[in-house]
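Student: Would you mind keeping the following structure in view while I ask a few things?
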Amino acid sequence: MSVVTVQTTPFEGQKPGTSGLRKRVKVFSQQHYTENFVQAILSAIPTGAQGSTLVVGGDGRYFSKPAIQSIIRLAAGNGVAKLIIGQDGILSTPAVSHLIRKYKATGGILLTASHNPGGPDNDFGIKYNMENGGPAPESVTDRIFESTKTIREYRIVEGPEVDLSKIGSTSFGQLQIDIVDQVKDYVAYLATIFDFDLIKNFLHSSDFSVRFDALHGVTGPYGRALFVDAFGLPESSIQNCVPSEDFGGGHPDPNLTYAKSLVDAVEGENISFGAASDGDGDRNMIIGKGAFVNPSDSVAIIADWAQKAIPYFKGGIKGLARSMPTSGAIDRVAKKNGYECFEVPTGWKFFGNLMDAGRLSICGEESFGTGSDHIREKDGLWAVVAWLSIMAAANAEKAGTTVQDVLLQHYRTYGRNFFSRYDYEEVDSQGASDMVAHLRSQFTSADFVGTKLGQFEVAESGDFSYTDPIDGSVSKNQGLYATFKDGSRIIFRLSGTGSAGATIRLYVEKYSNDPSEFGADAQVGLKPLIDEALKISKLKEFTGRDKPTVITSKV
Ligand code: VG1
Ligand code: CO
1 MSVVTVQTTP
11 FEGQKPGTSG
21 LRKRVKVFSQ
31 QHYTENFVQA
41 ILSAIPTGAQ
51 GSTLVVGGDG
61 RYFSKPAIQS
71 IIRLAAGNGV
81 AKLIIGQDGI
91 LSTPAVSHLI
101 RKYKATGGIL
111 LTASHNPGGP
121 DNDFGIKYNM
131 ENGGPAPESV
141 TDRIFESTKT
151 IREYRIVEGP
161 EVDLSKIGST
171 SFGQLQIDIV
181 DQVKDYVAYL
191 ATIFDFDLIK
201 NFLHSSDFSV
211 RFDALHGVTG
221 PYGRALFVDA
231 FGLPESSIQN
241 CVPSEDFGGG
251 HPDPNLTYAK
261 SLVDAVEGEN
271 ISFGAASDGD
281 GDRNMIIGKG
291 AFVNPSDSVA
301 IIADWAQKAI
311 PYFKGGIKGL
321 ARSMPTSGAI
331 DRVAKKNGYE
341 CFEVPTGWKF
351 FGNLMDAGRL
361 SICGEESFGT
371 GSDHIREKDG
381 LWAVVAWLSI
391 MAAANAEKAG
401 TTVQDVLLQH
411 YRTYGRNFFS
421 RYDYEEVDSQ
431 GASDMVAHLR
441 SQFTSADFVG
451 TKLGQFEVAE
461 SGDFSYTDPI
471 DGSVSKNQGL
481 YATFKDGSRI
491 IFRLSGTGSA
501 GATIRLYVEK
511 YSNDPSEFGA
521 DAQVGLKPLI
531 DEALKISKLK
541 EFTGRDKPTV
551 ITSKV
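At the far end of the sequence shown sits residue 555, using this note's numbering, and the numbering has no gaps.
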């Protein structure tokens, strides 16, 4: 087997977004397209591809199999020493992060478009993670992008397809390939973070019932290993737990719109606790009967209970963090407990440096992403087990405590940050960028401060810019924000994970410490703010849309 150099020409638009490169399968399956991008990744590995060890796996979506065979040929052609691949090419995003760290690999290649639908007419994605297990920082993704613009050739070793279905070691020319169990290492690791026996006892000694929905994504086998095998719950505690290449034709995004069958089951069957995760297993949604845990509240509540309820944090909390659009609920927990708290741009890659520097333990994003420094990705099942730990601890203090009780108890201590996000998906790109330009000129103008949008007086506004406190790198244009005198806030930004057209995200937040409002529907209190945001943005004029496709808030 010898190295063959293949001539190619660059493709436009291979720029990694918030979390890797995401495009339609039809785009990835063009001749040379996937190979060009993977070669660009291998060329951008800071310590070089030669002699490296890479973890490879993904959510098993359509096109994963041919992509992995390409990666094997390219890895061999670039002198990679070893690939660690999940059986059948399947590994959740958190599991890849864990394996990179556990086996001290050079990095990892993740094959997923996360919460985007899969199948021949839908999305595929490729992302590179570093030796700390976290998504590549912008310095590396920029290098990848530069290389895709000038690429003229890639190097492969030709050979027969590698059978990924059998666990064990095999080789492809000089390249060693280890096919590993998808769930074992990850679930064993979670068992060191949480007290599985305590959770199990709680679930068996109360009438607290659980339903986990994998939305046909990668967490199916992980969910079964946890809920059925480890916690001894019945089959009926899990649903949609057989991964499928097109997620059963659904949208593997755990929110109230796309996880509706879980919401209906929890309400209709009187289930105490419902949870779902996304296609690649890094997101989570937590609900209770009659209760929706807003992700911005979720991370604040986990941070508040962590030392008491989760053994991993017994020794203390190093610091907290959230992405900029995420509500300030976690800031309040940090303030009360004297923890450092960071505000970073959207995307998990910005948390890694803080964790590596020992300044961050728990962090989250409003987009159903929650996690800690146990790995360097957000972790859906970690969040679910964290919540079960909280429920066990809360019930030990007072039997019969519900998810809704935990929420209200938190609001009584800290007040409530009402939060909602409106998504306008696949709008016309030109209209979206014109709208952003229109908003930028207002939000970045010095005259804007002090003006009034209805009842709201602008206190501060701008385009969010972040300077990493560890390495000093600067990320600009991360979202247009306006904060008002009463503490409320609106934010507009364009999504960096879509694959067609543009997606506009509008985030709104308002704080209240009036207990009579704590039980209210988020939409009602936020309405005046949303109306003003829509008015100043001229969203309807620019995009023709008068309704969002997804709303994140209470049912
Ligand atoms: C979205 C979310 C962001 C998240 C990213 C990746 O990005 O807003 O918070 O980190 O998806 O999530 P954007 O640019 O579309 O707003 V997923 O589960 O890849 O992995
Ligand atoms: Co995801």
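We put the beta carbon where it would ideally sit given N, CA and C, even for glycine.
Excluding sequence positions up to five away, which residues of its chain have a Cβ less than 7 Å from the Cβ of Ser327?
Tutor: Counting only Cβ-Cβ distances below 7 Å, and skipping sequence neighbours, we find Ser296, Glu366, Asn417, Phe419, Glu509.
Student: Take the Cβ of Ala252 as the centre, count every other Cβ of all protein chains shown within 10 Å, and call the residue buried at 16 or more, exposed below.
Tutor: The amino acid at residue 252 is misidentified as Ala; the sequence shows Pro. Buried, by the Cβ-count rule.
Student: Do Pro325 and Ile491 come within 8 Å of each other at the CB atom, strictly closer than that value?
Tutor: yes
Student: Give the straight-line distance between the Cα atoms of Leu164 and Val183, rounded to the nearest whole angstrom.
Tutor: 15 Å
Student: Are the segment 350-359 and the segment 304-319 touching by the rule of at least three beta carbon pairs closer than 8 Å?
Tutor: yes
Student: Please confirm if the segment 165-178 is in contact with the segment 128-139, defined as three or more CB-CB distances below 8 Å between the two stretches.
Tutor: no
Student: Using the rule of at least 16 other Cβ atoms within 10 Å of the residue's Cβ for burial, across every protein chain shown, is Arg493 buried or exposed?
Tutor: Residue environment analysis places Arg493 among the buried positions, since at least 16 neighbouring C-beta atoms fall within 10 angstroms of its C-beta.
Student: For a minimum of 4 consecutive residues, which ranges assigned as the alpha helix (DSSP H) are wholly contained in the segment 31-95?
Tutor: Listed in chain order, they are 33-44, 64-77.
Student: Select from Lys547, Leu54, Gly79, Ile90 the residue whose C-alpha is nearest the C-alpha of Lys104.
Tutor: Distance check between Lys104 and each of Lys547, Leu54, Gly79, Ile90 places Leu54 closest, using alpha-carbon atoms only.
Student: In chain order, which continuous runs of the beta strand (DSSP E) of length 3 or greater are located wholly inside the segment 305-375?
Tutor: 320-323, 341-344, 362-365, 369-372
Student: Check whether the Cβ atoms of Thr208 and Asn395 lie closer than 8 Å to each other.
Tutor: As written in the sequence, residue 208 is Phe, which differs from the Thr given in the question. Their beta carbons are under 8 Å apart, which means Phe208 touches Asn395 by this criterion.
Student: Any heavy atom of the ligand VG1 inside 7 Å of the beta-carbon of Glu425?
Tutor: no
Student: Can you have a look at Val555 and say buried or exposed, based on whether 16 or more other CB atoms are within 10 angstroms of its CB?
Tutor: Interpretation of Val555 is limited by its pLDDT of 41, a score under 50 that renders its predicted location unreliable; the figure taken from the coordinates is listed afterwards. Answer is exposed; the Cβ neighbour count stays below 16.
Student: Can the beta-carbon of Val25 be found less than 8 Å from the beta-carbon of Tyr62?
Tutor: yes
Student: Between Leu526, Asp304, Asp373, which has its C-alpha nearest Arg489's C-alpha?
Tutor: Closest option to Arg489, Cα to Cα, is Leu526.
Student: By Cβ distance below 7 Å, which residues in the same chain neighbour Cys557 in space, the five residues on each side in sequence not counted?
Tutor: With the chain covering 1 to 555 only, the question about residue 557 has no answer from this structure.
Student: Where are the beta strand (DSSP E) runs, 3 residues long or more, that stay fully inside the segment 239-291, in chain order?
Tutor: 273-277, 284-288
Student: Residues in the same chain with beta-carbon distance under 7 Å from Ala44, minus the five sequence neighbours each way, listed in chain order, please.
Tutor: Val140, Arg143, Ile144, Ser147
Student: Thinking Glu161 and Gln30 are a contact (beta carbons under 8 Å), I'd like their distance in whole angstroms, please.
Tutor: At roughly 20 Å, the Cβ-Cβ gap does not stay under 8 Å, so Glu161 and Gln30 are not in contact.
Student: Could you compute how far the alpha carbon of Asp181 sits from the alpha carbon of Ala188?
Tutor: 12 Å
Student: Going along the chain, which residues of its own chain have a beta-carbon closer than 6 Å to the beta-carbon of Leu83, five neighbours each way excluded?
Tutor: Cβ within range, chain order: Leu54, Val56, Ala75, Ile177.
Student: Identify the continuous beta strand (DSSP E) that holds Arg545 and give its terminal residues.
Tutor: Counting along the chain, Arg545 falls outside any beta strand (DSSP E), and DSSP gives it neither H nor E.
Student: Which one of Thr112, Leu480, Ala265, Phe350 has the shortest CA to CA distance from Thr467?
Tutor: Phe350
Student: Just confirm the distance between the C-beta atoms of Lys432 and Ala383, as a whole number of angstroms; I'd bet it's less than 8 Å.
Tutor: Looking at the sequence itself, residue 432 is Ala, so the reference to Lys does not match. About 31 Å separates the two Cβ atoms, so there is no contact after all.
Student: Answer with buried or exposed for Pro120, where buried requires no fewer than 16 other C-beta atoms within 10 angstroms of its C-beta.
Tutor: With fewer than 16 other Cβ atoms from the protein chains shown falling within 10 Å of its own Cβ, Pro120 counts as exposed.
Student: Using DSSP with H/G/I as helix, E/B as strand and the rest coil, what is Asp468?
Tutor: coil
Student: Smallest Cα separation from Pro469: which of Glu153, Phe342, Thr483, Trp305?
Tutor: Phe342
Student: List the DSSP bridge partners of Glu457.
Tutor: Lys452
Student: Given Gly290, which residues of its chain have a CB within under 7 Å of its CB, disregarding the five upstream and five downstream residues?
Tutor: Counting only residues of its own chain and dropping the five nearest sequence neighbours on each side, Gly290 has a CB closer than 7 Å to the CB of Gln404.
Student: Cβ of Ser280 versus every heavy atom of the ligand CO: is any distance shorter than 7 Å?
Tutor: In the sequence as presented, Ser is not what sits at residue 280; that position holds Asp. Yes, the beta carbon of Asp280 sits closer than 7 Å to at least one heavy atom of the ligand CO.
Student: Which class does Ile536 belong to by DSSP, given the choice of helix, strand or coil?
Tutor: helix
Student: So Asn132 is in the beta strand (DSSP E); what residue range does that whole segment cover?
Tutor: Asn132 -> no beta strand (DSSP E), and no H or E assigned at all.
Student: Bridge partners for Lys510 per DSSP, in chain order?
Tutor: Phe418
Student: Give me the Cα-Cα distance between Asp197 and Ala392, rounded to the nearest whole angstrom.
Tutor: Asp197 and Ala392 have their C-alpha atoms spaced approximately 11 Å apart.
Student: Please give me, in chain order, every unbroken run of the beta strand (DSSP E) with length at least 3 that falls completely inside the segment 176-224.
Tutor: 210-213
Student: Are the beta-carbon atoms belonging to Phe464 and Pro345 less than 8 Å from one another?
Tutor: The beta carbons of Phe464 and Pro345 sit closer together than 8 Å.
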